[in-house]
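S.K.: Every number in the numbering used here is 1009 more than the matching position in the sequence shown, counting from 1.
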Amino acid sequence: MNKLVFLIIIGLVLLTSCKTTQKGYRETEAKILFKNLLKDSEKISDVKVSGLFRISGVKEIPAGFVNFECFGNVKNQTLSFKVSFLKKPIFEISAKDKEILFINHTAKQFIKLKMENVDFSKFIGINFSPIELSYIFLGKCPYSSDIEMMNSKFNGKEYVLEITNSVSKYTVFVNRTEDISKVIIDNQYFDAIIMDSIQYTKNAKGEKVPKNVSFTTLDGKIKMSFIIEKISFDKQTEEKDYGFLSEYAEVFDINDIKVKLK
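(1) List the whole-angstrom C-beta distance separating isoleucine 1133 from isoleucine 1070, where the pair is believed to meet the contact cut-off of C-beta under 8 Å.
(2) Could you say which of Ser1241, Ser1223, Ala1258 lies nearest to isoleucine 958 if we only look at CA atoms?
(3) Per DSSP, what kind of secondary structure is leucine 1088 in: helix, strand or coil?
(4) Residue range of the beta strand (DSSP E) that glutamate 1078 falls in?
(5) Go through its chain and collect everything with a Cβ distance to cysteine 1150's Cβ below 6 Å, but skip five positions before and after it.
(6) Would you decide whether methionine 1204 is buried or exposed? Buried here means 16 or more other CB atoms lie within 10 Å of its CB.
(7) For the beta strand (DSSP E) that phenylalanine 1146 lies in, which residues bound it at each end?
(8) Taking only three categories from DSSP, how would you classify glycine 1229?
(9) Of the choices Leu1042, Lys1131, Ser1143, Lys1068, whose alpha-carbon is the least far from that of valine 1083?
(10) Report yes if the CB atom of phenylalanine 1077 is closer than 7 Å to the CB atom of valine 1092, and no otherwise.
(11) What three-state label does DSSP hand glycine 1252 in the structure shown?
(12) Closer than 6 Å by C-beta to tyrosine 1199: which residues in its own chain qualify, once you throw out the five before and the five after it? Chain order, please.
(13) Would a C-beta distance cut-off of 7 Å place leucine 1147 and phenylalanine 1043 closer than the cut-off?
(14) From glutamate 1259 to phenylalanine 1253, what distance separates their C-alpha atoms?
(15) So, for serine 1177: in the same chain, excluding its five sequence neighbours on each side, which residues have a beta-carbon less than 6 Å away from its beta-carbon?
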């Protein structure tokens, strides 16, 4: 009997030891994944992404695809997101120094806003950060100098990393080969949205890059779909020229912006 009890105790000790070792291994692997994700995101500066864009679930907006172009320097938090149809510009969102410039080309209007006062949902149905989206267009985790991992777990298929900075919380689903499959974005200035689908392809260099990316609101009622056609990391040498705004009317109330999408 004493021998049996001894064997049971040894078995329990070994089982507990294995679980502890496995937990430690998972935590270490999660930290390595997080470090590698940050390293990849940190080295990105100039970027240009273009393709097709669609919003569904907003009755005021047609559900067809339009062209989009996202360009600038994500490291400097300077970025423009432009939407057009048949080469005719519809609207443009420019982020710089925690300020947003929204240009409504359909009515020749523009408005300047502080980041905390931005609400794009008033005219396109959803409020999002173009800088955060640009990282995800690239299959990367949004980056900032104060970002850190608060928690991690393994769901049997991939790691779920809880990452935060001063304004956002990201829940990032990533596998061992560092492919991001899902991101929940909770930004205090914008709507909480989910990157719920991403498909990858290989570019001319054999590198894996996103091809199709979609986002939804938490309630699932509104969806943004992107088809990525081109990605470039070439240095943007030309400054964006907004001289044409002299012919546009500046408005000071966001409710006065009327984007004609139909």
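For glycine and all other residues, C-beta sits at the position ideal for the given N, C-alpha and C. Bear in mind the structure is a predicted one, so any value in this text is a computation, not a measurement.
M.R.: Well, looking at it:
(1) That belief holds up - the Cβ atoms of isoleucine 1133 and isoleucine 1070 are roughly 7 Å apart, short of 8 Å.
(2) A question about residue 958 goes unanswered here, because the residues of the chain that appear run from 1010 up to 1271.
(3) In the structure shown, leucine 1088 falls within a strand segment according to DSSP collapsed to helix, strand and coil.
(4) 1075–1082
(5) Counting only Cβ-Cβ distances below 6 Å, and skipping sequence neighbours, we find Leu1046, Ser1050, Val1181.
(6) Buried, since its Cβ has 16 or more Cβ neighbours within 10 Å.
(7) No beta strand (DSSP E) holds phenylalanine 1146; the alpha helix (DSSP H) holding it covers 1139–1146.
(8) coil
(9) Ser1143
(10) Going by C-beta atoms, phenylalanine 1077 is nearer than 7 Å to valine 1092.
(11) Reduced to three states, the DSSP call for glycine 1252 is helix.
(12) Note on residue identity: the sequence assigns phenylalanine, not tyrosine, to residue 1199. Non-local C-beta neighbours of phenylalanine 1199 in its own chain, meaning closer than 6 Å and more than five positions away in sequence, comprise Asn1136, Phe1137, Ser1138, ordered along the chain.
(13) no
(14) 12 Å
(15) Asn1196
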